[in-house]
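Below: the structure, in structure tokens.
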Amino acid sequence: MQDIKIFKLGALVLLTTGTLLGDYRVEKSKFLPSMLENVSQSVLAQNSPSKDASQIFEEVNPAVVTIKTGSAIGSGFIYSEDGLIFTNAHVVEDAPKVVTVVFADGSQASADVVGFAKGGLDLAALQVYQSKKLPTVTLAQPNSVRVGEPVFAIGTPLDSQFQNSFTQGNVTKIDRDKFDHIQHDAAIFGGNSGGPLLNDRGEVIGVNSEGIVQTGKLNTGMNFAIPVDKLISFITAVKQDNISPVSTRPTGKSETNFREITLNGQTISDSLSEENRASYYIFEGRAGQQVTIDMVSEEINSALVLVKAQISPKGEIEPEYKVDENDDFNPGSLNARIETTLKEDGFYVIIAQSPYNGEYGTYNLQALSNDTSSEF
134 MQDIKIFKLG
144 ALVLLTTGTL
154 LGDYRVEKSK
164 FLPSMLENVS
174 QSVLAQNSPS
184 KDASQIFEEV
194 NPAVVTIKTG
204 SAIGSGFIYS
214 EDGLIFTNAH
224 VVEDAPKVVT
234 VVFADGSQAS
244 ADVVGFAKGG
254 LDLAALQVYQ
264 SKKLPTVTLA
274 QPNSVRVGEP
284 VFAIGTPLDS
294 QFQNSFTQGN
304 VTKIDRDKFD
314 HIQHDAAIFG
324 GNSGGPLLND
334 RGEVIGVNSE
344 GIVQTGKLNT
354 GMNFAIPVDK
364 LISFITAVKQ
374 DNISPVSTRP
384 TGKSETNFRE
394 ITLNGQTISD
404 SLSEENRASY
414 YIFEGRAGQQ
424 VTIDMVSEEI
434 NSALVLVKAQ
444 ISPKGEIEPE
454 YKVDENDDFN
464 PGSLNARIET
474 TLKEDGFYVI
484 IAQSPYNGEY
494 GTYNLQALSN
504 DTSSEF
């Protein structure tokens, strides 16, 4: 019997990485809600006629992008002319809060990682800012795909030299019960994650996310995409600001270690490394409590994120929403400070990290409550 394993199609370096809270890399755009209000409902297709493969590629390709996270690549597609992009959560869950997007014509732009789908769904939203209107995809009607229908995939497999490769196949199975995915045999590989799966009208019917490979082989023809109805639900969640600041999808990585911290101003000395790109500290707070958190370092550019968390029935720490973040206390300063008033009782997680990939070193962390005062 041959060994078979499921692989995530995102950047090869990030196939199975991630944690419960992950490295927080989100910078929510204050302009995003108004942008989404202006997105026309006409992006949902209305039974358009079939097209040949070359026409589909020519029409959709300009709206497909390559996502560079610093150490790896993935794929994505442009949903709105304002620059809202969707991809898989596992493509950007370990990325900096700003990634690079490469358009089909080779031009590049910076993109903010806006947020992630809740409930473990492998979807994430990015936002680029361009003075011109961007080409967009059209979404198919939910539940419109059928087994046996032709499908097409566009993405960047394996390496950026294969940017926006185009393949085709057929829908081989639709699972609406256990896994809720579209199974197809259009060839896709690592790096295709987040790219669109299209029907024969050039409409997005799913988001390519993973495939099954046999040991020593590239692809078995068993590939999977998240259905468009899940994507539409996520778009609504983004519009309502009902998204997670970190990836919620299950991963095979070892559990995150949370270190308890007291709000008495005691200094904690810690460090970031290749194996520990972010450190997590947890405390129990009260509604109305004023909290000041400082991260000071002479070796790295400090970045802090404060997240409201909850303890699940299984005893796991799960993120609820972002409270605040900061990566520059003063202009020209490498230190970070968060000053905030807690809105509710409960557990809070401090994430200490650097906003840049590959930047490691030592730092001091301090958390104070109300009128408590201390200096490094």
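So the sequence shown is numbered by the numbering used here: it starts at 134 and just counts up by one. Note that the Cβ used here is the ideal one computed from N, Cα and C, for glycine as well. In this text, all values refer to a predicted model and were calculated from it rather than measured experimentally.
| Check | Outcome |
| --- | --- |
| Nearest by alpha-carbon distance to Phe-513: which of Val-429, Arg-419, Pro-488 is it? | With the chain covering only 134 through 509, there is no way to say anything about residue 513. |
| By a C-beta neighbour count over all protein chains shown, 10 Å radius and 16 as the cutoff for buried, is Gln-499 buried or exposed? | buried |
| Closer than 7 Å by C-beta to Tyr-489: which residues in its own chain qualify, once you throw out the five before and the five after it? Chain order, please. | Pro-229, Asn-434 |
| With H, G and I counted as helix, E and B as strand and the rest as coil, what does DSSP make of Leu-498? | strand |
| Spatial neighbours of Glu-515 within its chain, please: CB distance less than 7 Å, with the 5 preceding and 5 following residues excluded, ordered by chain position. | Outside the shown range of the chain (134 to 509) lies residue 515, about which nothing can therefore be said. |
| Could you please give me the residues that DSSP links to Ala-196 through a beta bridge? | Partner(s): none; Ala-196 has no beta bridge. |
| When DSSP labels each residue in this structure, what does Asp-245 get in the three-state scheme? | strand |
| Leaving out five residues on either side along the sequence, give the residues of the same chain with a beta carbon under 6 Å from the beta carbon of Thr-300. | Ala-286, Ala-319, Ala-320 |
| Can you give me the start and stop residues for the beta strand (DSSP E) that Thr-220 sits inside? | 217-220 |
| Near Gly-252, which residues of its chain fall below 8 Å by C-beta distance, leaving aside the five closest residues on each side in sequence? | Thr-381 |
| From the DSSP output, in three-state form, read off Ala-442 for me. | strand |
| Quick one: grab the DSSP three-state call for Glu-417. | strand |
| Please specify which runs of the beta strand (DSSP E), each continuous and at least 3 residues long, are wholly inside the segment 242-300, giving them in chain order. | 257-261, 283-288 |
| CA-CA distance, Ala-186 and Glu-451? | 44 Å |
| State yes or no: is the C-beta of Gln-260 within less than 8 Å of the C-beta of Thr-199? | no |
| The alpha helix (DSSP H) with Thr-369 in it runs from where to where? | 361-372 |
| Given that a residue counts as buried once 16 or more other Cβ atoms are within 10 Å of its Cβ, and exposed if not, what is Thr-495? | exposed |
| Could you tell me the alpha carbon to alpha carbon distance between Glu-226 and Gly-248, rounded to whole angstroms? | 9 Å |
| Is Gln-260 near the ligand PLP, with its Cβ less than 7 Å from a heavy atom? | The model on display carries no ligand, and the ligand PLP is accordingly not part of it. |
| Does the distance from the CB of Val-197 to the CB of Ala-237 come in under 8 Å? | yes |
| Taking the beta strand (DSSP E) that Gln-399 falls in, what are its first and last residues? | Per DSSP, Gln-399 belongs to no beta strand (DSSP E) and is neither H nor E. |
| For Asp-374, which option in Tyr-454, Gly-328, Ser-326, Pro-383 has the closest C-alpha, if you only look at C-alpha atoms? | Tyr-454 |
| Using the C-alpha atoms, what's the distance from Lys-201 back to Gln-399? | 39 Å |
| Can you give me the C-alpha to C-alpha distance between Pro-275 and Ser-377, rounded to a whole angstrom? | 24 Å |
| Which partner residues of Arg-410 appear in the DSSP bridge assignment? | In the DSSP output, where bridge partners are listed per residue, Arg-410 has none listed. |
| Among all the DSSP beta bridges, which residues are the ones paired with Ile-483? | Tyr-414, Leu-439 |
| To the nearest angstrom, how far is the alpha carbon of Lys-372 from that of Tyr-212? | 13 Å |
| To the nearest angstrom, how far is it from the Cα of Glu-393 to the Cα of Ser-412? | 11 Å |
| Quick one, which of Ala-469, Glu-449, Asp-403 has its alpha-carbon nearest Thr-425's? | Ala-469 |
| Anyone know if the C-beta pair for Asn-221 and Val-304 falls short of 8 Å? | no |
| Whole-angstrom Cβ separation of Ile-471 and Leu-437, contact assumed at under 8 Å? | 5 Å |
| Using 10 angstroms around the beta-carbon of Lys-476, count the other beta-carbons present and answer buried if the total reaches 16, otherwise exposed. | exposed |
| Would you call the CB atoms of Ala-244 and Val-231 closer than 8 Å? | yes |
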